[in-house]
Amino acid sequence: MPYLIIDNRHIQVPRGTTVIDAAERLGIMIPRFCYLKVLGAVGACRMCAVMFEAGPVKGLQMSCMVQAADGMRVSTTHPEAVAFRRQIIEWLMINHPHDCPVCDEGGHCLLQDETISGGHSRRRYTGAKRTYPDQDLGPLVQHEMNRCIQCYRCVRFYQEYAGYRDLGVMGIASRIYYGRFSDGALESPFSGNLIDICPTGVYTDRPSRFLARRWDLQRADSICLHCSLGCNTVAGAHYRAVIRQESRENVRVNGSFICDRGRYGHAYANLAERPRQSRLDGEPAGWREAAREAAARLKRIAAAAGHSAIAVLGSARNSLETQIMLRYLSHHAQWRPPRFFVNGSEARSTAAVVARLDSRLAAGLPDLEEADFLLAVGVDPVNDAPMLALAMRQAARKGAKIVVLDPRPVELPFAFDLLSAGLGDLPAALAVLVKTAVSQAGTDGCEAQEKAFLAALPGRVPDEKLQGQLGQAGGWLAASRRPAIICGSAIAGPELAGLAADLALLLQTGKTPSRLFYLLPGPNAFGAGLLQRGSRYFPSLLQDIEKGGVRALLVVENDPFFRYPDQDRLHSALGKLELLMVLDYLPSRAARAAHIFLPGATVFEAGGSFINNCGLLQYAAPVHEGGIPLAQVSGGSHPPRAHAPAPGSEKCPSAYEALLFLANELAIRPPTMDASPWSLLPEDFPGQAELLAHPYPTDGLQLLPRLSEAESLQTPVNLPTSGPAAGALTVLRVEQTFGSEELSCYAEPLRQLAGPPLALLHGADADRAGVRDGEQLCFEIGGEKVELALQVTNRMAPGQLIIPHHYALGRAACRLPAVVAQAELRGLTGQDSPDLPQAITES
Amino acid sequence: MLPEEIRHRLETRIAASAHPRELVVDVMYELQNHYGFLNDVALREVAELLQLTPLEVEELATFYDFIYRRPVGRFVLHVCDGVVCWMFEEQSALDYICKLLGVAPGETTPDGQFTVLPTVCVGYCDHAPAMLINGKLYGPLTPEFIDRTLEELRSISCDLVLCR
Chain A
932 MPYLIIDNRH
942 IQVPRGTTVI
952 DAAERLGIMI
962 PRFCYLKVLG
972 AVGACRMCAV
982 MFEAGPVKGL
992 QMSCMVQAAD
1002 GMRVSTTHPE
1012 AVAFRRQIIE
1022 WLMINHPHDC
1032 PVCDEGGHCL
1042 LQDETISGGH
1052 SRRRYTGAKR
1062 TYPDQDLGPL
1072 VQHEMNRCIQ
1082 CYRCVRFYQE
1092 YAGYRDLGVM
1102 GIASRIYYGR
1112 FSDGALESPF
1122 SGNLIDICPT
1132 GVYTDRPSRF
1142 LARRWDLQRA
1152 DSICLHCSLG
1162 CNTVAGAHYR
1172 AVIRQESREN
1182 VRVNGSFICD
1192 RGRYGHAYAN
1202 LAERPRQSRL
1212 DGEPAGWREA
1222 AREAAARLKR
1232 IAAAAGHSAI
1242 AVLGSARNSL
1252 ETQIMLRYLS
1262 HHAQWRPPRF
1272 FVNGSEARST
1282 AAVVARLDSR
1292 LAAGLPDLEE
1302 ADFLLAVGVD
1312 PVNDAPMLAL
1322 AMRQAARKGA
1332 KIVVLDPRPV
1342 ELPFAFDLLS
1352 AGLGDLPAAL
1362 AVLVKTAVSQ
1372 AGTDGCEAQE
1382 KAFLAALPGR
1392 VPDEKLQGQL
1402 GQAGGWLAAS
1412 RRPAIICGSA
1422 IAGPELAGLA
1432 ADLALLLQTG
1442 KTPSRLFYLL
1452 PGPNAFGAGL
1462 LQRGSRYFPS
1472 LLQDIEKGGV
1482 RALLVVENDP
1492 FFRYPDQDRL
1502 HSALGKLELL
1512 MVLDYLPSRA
1522 ARAAHIFLPG
1532 ATVFEAGGSF
1542 INNCGLLQYA
1552 APVHEGGIPL
1562 AQVSGGSHPP
1572 RAHAPAPGSE
1582 KCPSAYEALL
1592 FLANELAIRP
1602 PTMDASPWSL
1612 LPEDFPGQAE
1622 LLAHPYPTDG
1632 LQLLPRLSEA
1642 ESLQTPVNLP
1652 TSGPAAGALT
1662 VLRVEQTFGS
1672 EELSCYAEPL
1682 RQLAGPPLAL
1692 LHGADADRAG
1702 VRDGEQLCFE
1712 IGGEKVELAL
1722 QVTNRMAPGQ
1732 LIIPHHYALG
1742 RAACRLPAVV
1752 AQAELRGLTG
1762 QDSPDLPQAI
1772 TES
Chain B
1070 MLPEEIRHRL
1080 ETRIAASAHP
1090 RELVVDVMYE
1100 LQNHYGFLND
1110 VALREVAELL
1120 QLTPLEVEEL
1130 ATFYDFIYRR
1140 PVGRFVLHVC
1150 DGVVCWMFEE
1160 QSALDYICKL
1170 LGVAPGETTP
1180 DGQFTVLPTV
1190 CVGYCDHAPA
1200 MLINGKLYGP
1210 LTPEFIDRTL
1220 EELRSISCDL
1230 VLCR
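Here the protein sequences line up with chains A and B, keeping their order. Heads up: the first sequence is residues 932 to 1774, going by this note's numbering. Heads up: the second sequence is residues 1070 to 1233, going by this note's numbering.
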């Protein structure tokens, strides 16, 4: 632990800390341009020069390039260092345009700050400045190359850290140019980070261009809701619209960066079609009036048909407060326990994850970065949860072996082994891989139960090629010291989640202690999983509605129509309800169908707590009051000049507040508004005591048991066997980075990047079905057409037809069949096919 | 389109290399000598041969003085811009050549004969100031020597821009 003196202040830092970081720990911000902690030091910009007055290093040196050592005495204010830095900044400013007043970076520009603090205020250079044409880098990032000071941060992040290869540095000396080979949208789903790390305005946020100065924004710490990772952001609102998000550093979750889905997915909060008006039987009504009427009707239904005639549907995007309130309300009103998932498989997967994850197994994103072997199963990281891919890349950069076991043609920005297995084969393949590894590493530490479990695992998969690959990957796993299993929930069922936990436990008893990382279906799916205990799943609820057992349904921030496969059944069932009450901030189909509708508040207005996929409770602070964005009310004219409430400024109560109002109306032991939501927690909620001990809001609390109480390593091992019969294709509905997730698919720039929907098919299946790459598939379902282009690839598992959830496919796509016969495909391409291809008639 | 013979030769070399990326300069040269300069088609072919992105090839192509991304004349005059040649700056060879040919640095004469490019040190310091024309060194440069050299070049035939 080196001990050194910086500006006459003493500090001890861990070995390997650079002087620039040591100074930062003291609160001394040495000026810098090229240095960024996550990217490491390159010593290129010469801006962080300080004077080393005593110790092993002497003289003027770059503080990012020198490691702290015992006996160092460093001065950041030495006249020579100050003069040196002033010259550097003057030199960097030679070509920089004087466009700060019209530059979007102005006000939060590192170059601006350091020009001022460096003491350079008068231009001596009178020559011509070098200028460049700018490129169109797509809908997210605005390019303005004239402002560049050649720090290389962008290229180092884009190519080295994130692993994408379409933005780089060209030219040499005074012709140096950062950009793409030619105009076009940046390919990386992490491109928005260029905006955060560029020390000046070369890359600025395009959707919010010219809308506001940073200092005019209402800013607050927020949490990204566009997948289950819970990345930290800072959201900024202006004139009642959320216009910009930046990444917020959290070393336990996302590190320094966020993905573009998270950065640009907030448009749903500002939509012109966002429902703002409460409605009673289709007619506009006052909020209180509608809520009181809801309470009255609920009372009537409970009196006539019993309390259990009332059911509640929350969601995985509810805040934890809302979920707790739903549970509290339904418990005390003796309604049916709340459900949170429309999809039964998601509900069961989440239940399995919540039951199995404990602190001996759980890994976070930073743990994955340190792993030396990663086995991802049922996961397509870039499409399911992009930041996971970035963490995996950091492991790959440090030499980790990475294996992905998935039916999809997974693409990742680093070298990895893709083991293609059909959806039904995933559990068996995973079991074979781990069995190989444990057998190779030796079973010395294993006890009888573990040995029995190991013996019960299958040792082979039918596919010879896959068997060979699994054996090889098993060898890598056996040789690794810090492996981790990453298990997805988007396509695979609950069996996989349980098996992954068993196998991680099995590995922990052996010589390769493994960690476990799950993805979940939604930003607060973990909370939903904890609170759905004791409730049955949505499909059974639908049955009860059809039979008349349930007469009222309260839907809070969910849209059952969004992805429910049997839309007709859902429609007719919901039509049978005496009361469908919906509370939401999205212009959803359920909202339109509701008897009573209450507009809701987004996370930017209400704030809220969310539990991420690793069981980490995080708090998103409210960013602004809400209301209709001024641009929509004013018709483009100047914002009001007087200090009076502008039209449309009424804020929507949060779901928590609305439910509290309802509880009061129903005279259910009403908790007070200022009571902590944690006081409403059910007693069986894990971590209840710990939560109650913390003041509300609580941020950064890990809600995982030390040891899971769920049964583990049970024999016999029941693994689902292989998929559909020969000649049939399993239809896999998959996520896309952009354009499929419920909230972010409202964002126009992300829709542009999503491209048209593509169906994927293996080459062998395409040959047998007689269809070709580029043909148009056309399903006709319930009178509606679903059209998408067919892409043939051999990088995926045969026997699957992969179709993305895609905003452009519309609602009819929910009803795509679960299995399609190969022979049918030719008919679906709209071509006449009187003769079936030879291969099919034979089989 | 790259002739099959060149493509085959390059593919064989690339297949034999443990790190194909290290051949990028050689491949760029080969294609440049075929096309006369490294045009966009050639650049994409280099990228495809080495499984790089066009951007990654462009990063290198624009870094090196001897890869021409724009058409050049029959003779490319790489006038040395190194420190030792600067010491003879009172009779700047670059200025004289530009004035003589009526072009600015980086430009080609309208008759397509000469392209003038300032270049990092060509390593002919003992004959400074120096220049390199189609792979051959010339120096020390004086106005008379330059006049004579260019006059000679006008009268000889040399089809390819060749840099060694």
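Glycine included, every Cβ here is placed at the ideal spot set by N, Cα and C. Only a predicted model underlies this, so the values are computations on that prediction, with no experimental measurement involved.
DSSP-derived helix/strand/coil call for residue i
{"i": "A:His-1197", "result": "helix"}
{"i": "A:Asn-1595", "result": "helix"}
{"i": "A:Arg-940", "result": "strand"}
{"i": "A:Asp-1136", "result": "strand"}
{"i": "A:Ser-1370", "result": "helix"}
{"i": "A:Ala-972", "result": "coil"}
{"i": "B:Ser-1086", "result": "coil"}
{"i": "A:Phe-1272", "result": "coil"}
{"i": "A:Pro-1578", "result": "coil"}
{"i": "A:Met-1024", "result": "coil"}
{"i": "A:Gln-1380", "result": "helix"}
{"i": "B:Met-1070", "result": "coil"}
{"i": "A:Thr-1661", "result": "strand"}
{"i": "B:Met-1156", "result": "coil"}
{"i": "B:Asp-1134", "result": "coil"}
{"i": "A:Arg-1004", "result": "strand"}
{"i": "A:Ile-887", "result": "In the structure as shown, chain A starts at 932 and stops at 1774, and residue 887 of chain A therefore has no counterpart that could be examined."}
{"i": "A:Pro-1530", "result": "strand"}
8 Å contact criterion, which residue i and residue j should meet: CB distance rounded
{"i": "A:Gln-1398", "j": "A:Leu-1350", "result": "About 10 Å separates the two Cβ atoms, so there is no contact after all."}
{"i": "B:Leu-1121", "j": "B:Leu-1079", "result": "With a Cβ gap of about 14 Å, B:Leu-1121 and B:Leu-1079 do not count as contacting."}
{"i": "A:Glu-1666", "j": "A:Asn-1314", "result": "5 Å"}
{"i": "A:Leu-1251", "j": "A:Phe-1541", "result": "6 Å"}
{"i": "A:Met-1727", "j": "A:Pro-1338", "result": "6 Å"}
{"i": "B:Leu-1124", "j": "A:Leu-1098", "result": "7 Å"}
{"i": "A:Gln-1707", "j": "A:Ala-1720", "result": "6 Å"}
{"i": "A:Gly-1245", "j": "A:Leu-1260", "result": "About 10 Å separates the two Cβ atoms, so there is no contact after all."}
{"i": "A:Gly-1546", "j": "A:Gln-1633", "result": "6 Å"}
{"i": "A:Ala-972", "j": "A:Thr-948", "result": "No, A:Ala-972 and A:Thr-948 are not in contact; Cβ-Cβ is about 11 Å, not under 8 Å."}
{"i": "A:Ala-1435", "j": "A:Ile-1416", "result": "5 Å"}
Cα-Cα separation, residue i to residue j
{"i": "A:His-1555", "j": "A:Pro-1584", "result": "13 Å"}
{"i": "A:Leu-1514", "j": "A:Ala-1225", "result": "11 Å"}
{"i": "A:Leu-1597", "j": "A:Gly-1186", "result": "45 Å"}
{"i": "B:His-1196", "j": "B:Leu-1071", "result": "39 Å"}
{"i": "A:Glu-984", "j": "A:Phe-1188", "result": "36 Å"}
{"i": "B:Val-1172", "j": "B:Ile-1215", "result": "15 Å"}
{"i": "A:Ser-1764", "j": "A:Gly-1701", "result": "Residue confidence for A:Ser-1764 is low, a pLDDT of 42 falling below 50, so the modelled location carries little weight and cannot support an answer."}
{"i": "A:Cys-979", "j": "B:Ile-1136", "result": "35 Å"}
{"i": "A:Ala-954", "j": "A:Asp-1605", "result": "42 Å"}
{"i": "A:Met-1024", "j": "A:Asp-1630", "result": "42 Å"}
{"i": "A:Ala-1198", "j": "A:Gln-1439", "result": "44 Å"}
{"i": "A:Ala-1586", "j": "A:Asp-1044", "result": "42 Å"}
Closer than 9 Å to chain D by CB, residue i
{"i": "A:Ala-1620", "result": "The question asks about chain D, but that chain is absent: this structure's protein chains are A and B."}
Using a Cβ-Cβ cut-off of less than 7 Å, give me the residues of the segment 1109-1137 of chain B that come near chain A, in sequence order. Thr-1122, Pro-1123, Leu-1124, Glu-1125, Glu-1127, Glu-1128, Thr-1131 and Phe-1132
My parser needs the beta strand (DSSP E) runs of 3 or more residues fully inside the segment 1069-1105 of chain A; what are they? 1072-1074 and 1099-1101
What ranges does the alpha helix (DSSP H) occupy inside the segment 1422-1499 of chain A, keeping only unbroken runs of at least 4 residues that lie completely in it? 1425-1440, 1456-1462 and 1469-1478
Please give the ranges of any beta strand (DSSP E) in the segment 1171-1250 of chain A, keeping only runs that are unbroken, at least 3 residues long and fully inside the region. 1172-1178 and 1241-1244
At a CB distance below 8 Å, what residues from the segment 1073-1099 of chain A approach chain B? Give them in sequence order. Arg-1096, Asp-1097, Leu-1098 and Gly-1099
Compile a chain-ordered list of the residues in the segment 1051-1070 of chain A whose CB is closer than 7 Å to at least one CB of chain B. none
Hey, which unbroken runs of the beta strand (DSSP E) at 3 residues or more fall wholly within the segment 1692-1716 of chain A? 1707-1712
Compile a chain-ordered list of the residues in the segment 1100-1118 of chain A whose CB is closer than 7 Å to at least one CB of chain B. Val-1100, Met-1101, Gly-1102, Ile-1103, Arg-1111 and Phe-1112
Would you list, in sequence order, the uninterrupted beta strand (DSSP E) runs of no fewer than 3 residues that lie entirely inside the segment 1172-1198 of chain B? 1183-1188
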